[in-house]
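Some notes on the structure that comes next.
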Amino acid sequence: MFKWECLVCGFIYDEALGMPEHDIPAGTRWEDVPESWYCPECGVGKADFQMIQVGQSAEPNSVPEQSDPVIILGSGLAGYTVARELRKLDSDAPILIVTRDGGEFYSKPALSNAFQTGRLPEQLVTFSAEQMAAQLQAQIRTRTSIERIDTDARSIYIDGQPLRYRSLVLALGADARRPALQGDGVDAIITVNDLEDYRRLRQQISADSRIAILGGGLIGCEFANDLRHAGHEVSVVDRATWPLSRLLPSEAGEEMANALASIGVRLELGNAPVVVNRAGQGYTLQLADGRVLEADYVLSAIGLEPRVDLARAAGIRVAGGIVTDAFLRASADNVYALGDCAQVHDLVLPYVMPIMLQARALARTLAGQPTPVAYPAMPVTIKTSVLPTIVASPMNPEGEWSTEWAGRCDKGIAHVKSIYLDQQSQMLGFVLMGGAVHEKAELLKRLPDWR
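Take the sequence shown: its letter number 215 is residue 215 in the numbering used here, and every next letter is one higher.
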């Protein structure tokens, strides 16, 4: 049994586990995966993008004492991908990864669609921290907090002791945004932003629970789809009048609403939560219009807040995230940032594909080949199995959406295609839903690069 890595987004297909949610049983070898299969994270298929076998690695080398290492803060997709890409370019550079969690390598997007397949937290882990250290020929310090950064001394501080760096990479990620609500139940609102959160969620939620989800964006819709298919009673509350309002035009959003409602998800749209109170073993959620929902658990999915406190305290410039130039350079010398914590090209892009592109560009820069990050069109796959959706968001707001319906399949799933055209009728974005997702490769050829 082998593991295969998507070169576009880093998703790993494990032959031993298969992908039962895609009707690929455990033990299915790569050559037996259907040619129509596509990467669940970025949407590329076997035929149109190369996958590589993840090989075995030797024991990690120790970091030479006389050479300051590249220190990477964070062991998520951004941090590990920078390390992996740097190691491809430089087999000798000492690398130290410091992380406050267990350092396991796993697919974070899988957290919002793992319930319906019954996957345990341990089954989401592809490699342990020890295995990653061996693969990357790096040192990894887990369960470790950074006290401060001294950019003048090119040092980080752990337990009062300085560690010098050659280059410092901030791959700090983001925290789940907490809702600003009233009531004595606010402190019990659940968020799921990492593997530990998912482990706690599985421990907390009992069978056939009533779950109120705050937020009808990408993560909220994915969780609604996942938890409903797992047998729970699900309600979604959002101020917007259709789901995924920041990504979809209204016609496509209404179709997503219909699809979620068809599997029993209760949608409270155009409304807002105001108060969460404890009520017996559960909670009451008062809405802006005065109505009250009852739930056993309240799950917040209202977005992310880039982790910038460590950088700000070190005098590094922050805004919506840690501000960088096109080379991922922060405002302090020899300090770089990428991923969910970084604001690159004035954008914070907490998606898989831009993180992979940032990591590859930064690795080249760290290896002595200064490389600015460039963004092609970057479609986002929304993992709502009731209505699979791919979105390529337009960068230019000067245009309008045109939506086509191509009927429904025998399961009632819509085939929807929305095209975003500018004033010169150039296509700048698209939304594909249901059977229309197979048009992605052809439409991508017509989209201009982002940057």
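Every residue gets a Cβ at the ideal spot worked out from N, C-alpha and C, and that includes glycine.
Since this is a predicted model, take the numbers as computed values, not measurements.
May I ask which residues mark the beginning and end of the beta strand (DSSP E) holding Ala230?
The residue given as residue 230 occupies position 230 in the sequence shown. No beta strand (DSSP E) contains Ala230, which DSSP labels as neither H nor E.
Does DSSP put Phe127 in a helix, in a strand, or in coil?
Here residue 127 refers to the residue found at position 127 of the sequence shown. The answer is strand: DSSP assigns Phe127 an E or B state.
Short check: CB of Leu244 to CB of Val352, under 9 Å?
On the sequence shown, position 244 is the one that residue 244 refers to. On the sequence shown, position 352 is the one that residue 352 refers to. Contact: no.
Relative to the C-alpha of Gly452, which residue among Glu442, Cys6, Ile322, Gly429 is closest?
In the structure as shown, the chain begins at 1 and stops at 451. Residue 452 is therefore absent and cannot be evaluated.
Any idea what DSSP makes of Thr1, helix, strand or coil?
As a first step, residue 1 must be located in the sequence shown, where it is residue number 1. Reading the sequence as shown, one finds Met at residue 1 and not Thr. Three-state DSSP puts Met1 in coil, outside helix and strand.
Quick one: give me the first and last residue of the beta strand (DSSP E) that Ser167 is part of.
Numbered from 1 along the sequence shown, position 167 holds the residue referred to as residue 167. Start and end: 167–170.
Any chance you could list the alpha helix (DSSP H) runs of at least 4 consecutive residues sitting entirely within the region 233–281, in chain order?
Taking only runs of at least 4 residues, the alpha helix (DSSP H) segments lying wholly in the region 233–281 are 250–262.
Could you name the residues that DSSP lists as bridge partners for Glu400?
Against the sequence shown, residue 400 aligns to sequence position 400. In the DSSP secondary-structure assignment, Glu400 is bridged to Leu421.
Between the C-alpha atoms of Asn271 and Ile382, what's the straight-line distance to the nearest angstrom?
Taking the sequence shown and counting its residues from 1, the one referred to as residue 271 is at position 271. Taking the sequence shown and counting its residues from 1, the one referred to as residue 382 is at position 382. So the two alpha carbons sit approximately 23 Å from each other.
Would you identify the three-state DSSP class for Trp30, choosing helix, strand or coil?
Position 30 of the sequence shown, counted from the first residue, corresponds to residue 30. Helix at Trp30.
Starting from Ser300, follow its DSSP beta bridges and name the residues at the other end.
To locate residue 300, count along the sequence shown from 1; it is residue 300. Answer is Leu214, bridged to Ser300.
Using the Cα positions of Asp101 and Thr142, report the straight-line distance between them to the nearest angstrom.
Mapped onto the sequence shown, residue 101 falls at position 101. Mapped onto the sequence shown, residue 142 falls at position 142. Approximately 6 Å, taken between the alpha carbons.
Taking the alpha-carbon positions, what's the Ala441 to Val416 distance?
As a first step, residue 441 is located in the sequence shown; it is residue number 441 there, counting from the start. As a first step, residue 416 is located in the sequence shown; it is residue number 416 there, counting from the start. For Ala441 and Val416, the distance between alpha carbons rounds to 16 Å.
Suppose contacts are defined by Cβ-Cβ distances below 9 Å. Is Ala134 in contact with Leu96 by that definition?
Numbered from 1 along the sequence shown, position 134 holds the residue referred to as residue 134. Numbered from 1 along the sequence shown, position 96 holds the residue referred to as residue 96. Result no, Cβ atoms of Ala134 and Leu96 do not sit closer than 9 Å.
Leu96 - containing alpha helix (DSSP H), residue span
Residue 96 sits at position 96 when you count from the first residue of the sequence shown. Segment 95–98 is the beta strand (DSSP E) holding Leu96; no alpha helix (DSSP H) there.
Which class does Gln343 belong to by DSSP, given the choice of helix, strand or coil?
Start at 1 with the first residue of the sequence shown, and residue 343 comes out as number 343. The answer is strand: DSSP assigns Gln343 an E or B state.
Taking Cβ to Cβ, would you say Leu77 is nearer than 9 Å to Met356?
Taking the first residue of the sequence shown as 1, we reach residue 77 at position 77. Taking the first residue of the sequence shown as 1, we reach residue 356 at position 356. Less than 9 Å separates the beta-carbon of Leu77 from that of Met356.
Taking the alpha carbon of Glu222 as the point to measure from, which residue in Gln161, Ala110, Thr384 has its own alpha carbon closest?
In the sequence shown, counting from the first residue as 1, residue 222 sits at position 222. If we check each option's Cα against that of Glu222, Thr384 comes out closest.
Does the region 233–242 come close enough to the region 256–270 to have 3 or more Cβ pairs within less than 8 Å?
yes
Following the continuous alpha helix (DSSP H) through Glu196, name the residue where it begins and the one where it ends.
What you label residue 196 is simply residue 196 of the sequence shown in a count that begins at 1. 195–204 is the extent of the alpha helix (DSSP H) around Glu196.
Just the Cα atoms here: how many angstroms apart are Trp466 and Thr117?
One cannot answer for residue 466 here, as it falls past the ends of the chain, which runs 1 to 451.
With distances taken between CB atoms, is the gap from Leu17 to Gln123 smaller than 9 Å?
The sequence position of residue 17 within the sequence shown is 17, counting from 1. The sequence position of residue 123 within the sequence shown is 123, counting from 1. Yes, the Cβ-Cβ distance between Leu17 and Gln123 is below 9 Å.
Exposure of Gln358, with buried meaning 16 or more beta-carbon neighbours within 10 Å:
On the sequence shown, residue 358 is found 358 positions in, with the first residue counted as 1. Gln358 should be labelled buried.
Around the C-beta of Asp333, are 16 or more other C-beta atoms found within 10 angstroms, so that it is buried, or is it exposed?
If you number the sequence shown from 1, residue 333 lands on position 333. Answer is exposed; the Cβ neighbour count stays below 16.
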